[in-house]
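> Shown below is the structure under consideration.
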């Protein structure tokens, strides 16, 4: 029996579950009870640990031994190595993509080493289905401080001073939004957590809800107290059943502990939260469309000019709507203070940014870095560079609303303002790396296919314009492009961006604009030489082969 | 819908208050029980919420998740997210269309398979991925896709 207490953390995020991590957990339980080791070894099911690509993940604390691609058959060896205080099981260790050397402790893996985990502080470390775990990390202490020692004005002031900007993508100052909702007239107000993470290539909201649901709830309750709301909703995307389940458990546990419901912590403040499941419409990430959806309507954004949701929102009442990660930051800001929070990031972009780092990069997963970190550091240090010795071509941020940035911008700091200046945006935080085998015309075509499918159809520029842009891109990809098509795309982009009703249409041209801006030569190769330099566009590849 | 199913539907509705804001939650729950939204159910939901039947159809047809036709026993959902796309999702989709003998958006006549795509499953680090009912399969290759759906399981009746 080891005299030391070990904790074995088994990741139960959606990614690791797809690798059968639930069976790993049951094998562990069997092995440990079979050997009568439950005194010395504790097993814990956690949310997403971030390095999904290497899953299923098992971490042994306190040492922090990091096992990747674990299978149920590996469990006896892992236990054996623990009992003998021996070397970690080498075949399961992560290997540095450059040196090939095994790295036993996750703290030494570049993927984790260069990160700064504030929002993801508990993800992968606590059991998301057990409120005691969250309480043990200091959870709900910020709620106590806010409700019992602070006024609305003080809370809003603290959030404003922290410099936190909305992490749903647009980066609107959070404190300013809270202030507007607080000042809005009416005694009935609502707080909504926007968890309709619809951007393809982004999964950080899902991971936070699956891995640390109480941090989101705590942030929402503090927000509700600050603006004077008594009812809240979490609008979760239908594709995230595990997040819905864990949020449901978290709400029930918080109610039981008196953090939700009536007279919270004897402060006299009442607040209830319900989960509202979306039904699969990308446009519902837009605040007015989301509100329509909760009201039981088609998700049509409200026509312009429209008052702000903070004044006329759900059921025409003042409504505060923030993203999952924005709420998850609130307990930190209240507990540690705005000065502490503002010490992270850059002058105008405070705190951290969370990205789903995926695509043609060695280390895929969920990462969190200070605002202002360079793209190069994210892709080459944390991401481990491009696999198979291929060349980097572009990095796509911001999903269908963002753009593709070329190698010349790798030293750009990543924050709201720099990304927007480069023609892309932070968006919901997808970061997809592309190599020499990715065709930029195909990528633009892919995104326009997405937006024209997801356009709600209400306003003409978006409904018709995105389809027209898609058709032109489709022609180019099929080798039927005409020399004037690039100018036509730019003209269409201008009209769609400037006249669409909501952000879906206004930002839909970004993937086309950035690929033309930075990779015009690829368009020209398709149009003038009938050639796809990356070898992706089928029609052009087979035609070249036929000659 | 037979009597038993209608009874089941009325039981579902009895947990709601009859407010219009409950429309989407009701439809999702009915669909979770019946697999889709049968015409008779739409009518009963409309009566329950005191709104026009057309209004229910309007909302049902707007959201990708809501279905007006029955689905196959095995719902195969191929992710067409960005990471999956650049790692070969279009080839995976083609392979599965070939393996189970139906196209994207279709249900086989024997109601064994429904093949759909989705904007993103959120398993981007394991791209390309797909889902069969609730099980996610990551790091797909055309070979792995063929193994998931051996040729013998092809919806035979579909060919007729």
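Residue numbers (my numbering), protein chains in the order written: chain A, 1 to 547; chain B, 1001 to 1160. A virtual CB, placed ideally from N, CA and C, is assigned to each residue, including glycine. Model, not experiment: these values are computed from the prediction.
#1: Taking the Cβ atom as the reference point for each residue, do residue 142 (chain A) and residue 335 (chain A) lie within a distance shorter than 8 Å?
#2: Using beta-carbon positions only, say whether residue 286 (chain A) and residue 301 (chain A) come within less than 8 Å of one another.
#3: Return the CA-CA distance between residue 272 (chain A) and residue 319 (chain A), expressed in angstroms with no decimal places.
#4: Mind pulling the chain A residues with CB within less than 9 Å of residue 1066 (chain B)?
#5: In three-state terms, what does DSSP make of residue 30 (chain A)?
#6: Take every Cβ of the stretch 226 to 235 of chain A, pair it with every Cβ of the stretch 147 to 160 of chain A, and state whether three or more of those distances are shorter than 8 Å.
#7: List the residues of chain B that residue 298 (chain A) touches, going by C-beta distances under 7 Å, in chain order.
#8: Identify the continuous alpha helix (DSSP H) that holds residue 346 (chain A) and give its terminal residues.
#9: Mapping the DSSP letters down to three states, classify residue 396 (chain A) as helix, strand or coil.
#10: By alpha-carbon positions, which one of A:202, A:264, A:39 and A:522 ends up nearest to residue 444 (chain A)?
#11: For the 8 Å Cβ check, are there 3 or more pairs between the stretch 402 to 409 of chain A and the stretch 450 to 463 of chain A?
#12: Between which two residues does the beta strand (DSSP E) holding residue 195 (chain A) run?
#13: Between the stretch 385 to 392 of chain A and the stretch 428 to 442 of chain A, are three or more C-beta pairs nearer than 8 Å?
#14: Tell me which same chain residues have a C-beta within less than 7 Å of the C-beta of residue 1130 (chain B), skipping the five on either side of it?
#15: At a CB-CB cut-off below 9 Å, which residues of chain B make contact with residue 567 (chain A)?
#16: How about residue 131 (chain A) and residue 253 (chain A): are their beta carbons less than 8 Å apart?
#17: Can you pull the chain A neighbours of residue 1127 (chain B), defined as C-beta to C-beta under 7 Å?
#18: Need the endpoints of the beta strand (DSSP E) that residue 235 (chain A) sits in, please.
#19: For the alpha helix (DSSP H) that contains residue 1131 (chain B), what are its first and last residues?
#20: If we call anything under 8 Å between Cβ atoms a contact, is residue 111 (chain A) one with residue 351 (chain A)?
#21: Relative to chain B, which residues along the stretch 205 to 216 of chain A have a C-beta separation below 7 Å, given in chain order?
#22: Using a Cβ-Cβ cut-off of 7 Å (strictly less than) and excluding sequence neighbours within five positions of residue 1155 (chain B), which residues of its own chain qualify?
#23: What's the C-alpha gap between residue 18 (chain A) and residue 11 (chain A)?
#24: Between the beta-carbon of residue 1024 (chain B) and the beta-carbon of residue 296 (chain A), is there less than 8 Å?
#25: At least one CB of chain A closer than 8 Å to the CB of residue 1035 (chain B): is that the case?
#26: Take every Cβ of the stretch 366 to 376 of chain A, pair it with every Cβ of the stretch 340 to 357 of chain A, and state whether three or more of those distances are shorter than 8 Å.
#27: Flag this pair as touching only if the stretch 500 to 517 of chain A and the stretch 528 to 535 of chain A have three or more C-beta atom pairs under 8 Å; answer yes or no.
#28: Exposed or buried, which one is residue 340 (chain A) when buried takes at least 16 other CB atoms within 10 Å?
#29: Under the three-state reduction of DSSP, which class applies to residue 11 (chain A): helix, strand or coil?
#30: Can you tell me the Cα-Cα spacing of residue 203 (chain A) and residue 1123 (chain B), whole angstroms?
#31: Quick one, are the C-beta atoms of residue 1049 (chain B) and residue 1020 (chain B) less than 8 Å apart?
#32: With a threshold of 8 Å between beta-carbons, can residue 1038 (chain B) be considered close to chain A, or not?
#33: List the residues of chain B whose Cβ lies closer than 7 Å to the Cβ of residue 14 (chain A), in chain order.
#34: Given that residue 1022 (chain B) touches chain C, what residues does it touch there, using C-beta distances under 9 Å?
Looking at the coordinates:
#1: yes
#2: Yes. Within cutoff.
#3: 15 Å
#4: 279 and 280
#5: helix
#6: yes
#7: 1058, 1059 and 1062
#8: From DSSP, residue 346 (chain A) is part of no alpha helix (DSSP H); its letter is neither H nor E.
#9: strand
#10: A:522
#11: no
#12: Annotation: the continuous beta strand (DSSP E) that includes residue 195 (chain A) extends over 190 to 195.
#13: yes
#14: 1076, 1077, 1078, 1079, 1092, 1137 and 1140
#15: Residue 567 (chain A) cannot be examined here, being either before or after the span of chain A that is shown, 1 to 547.
#16: yes
#17: The answer, in chain order, is 358.
#18: In the DSSP assignment, residue 235 (chain A) falls within the unbroken beta strand (DSSP E) covering 231 to 236.
#19: Counting along the chain, residue 1131 (chain B) falls outside any alpha helix (DSSP H), though it belongs to the beta strand (DSSP E) covering 1130 to 1132.
#20: no
#21: 206
#22: Its pLDDT being 49, under 50, residue 1155 (chain B) is placed unreliably in this model, and the value from its coordinates should be taken loosely. Cβ within range, chain order: 1100, 1101, 1102, 1108, 1109, 1110, 1112 and 1113.
#23: Just so you know, the alpha carbons of residue 18 (chain A) and residue 11 (chain A) end up roughly 11 Å apart.
#24: Using a Cβ distance threshold of 8 Å, residue 1024 (chain B) and residue 296 (chain A) count as a contacting pair.
#25: no
#26: yes
#27: no
#28: exposed
#29: Residue state, collapsed to three classes: strand.
#30: Computed Cα separation, rounded: 7 Å.
#31: Yes, these two residues count as a Cβ contact at 8 Å.
#32: no
#33: 1122, 1123 and 1136
#34: Note that chain C does not occur in the displayed structure, where the protein chains are A and B.
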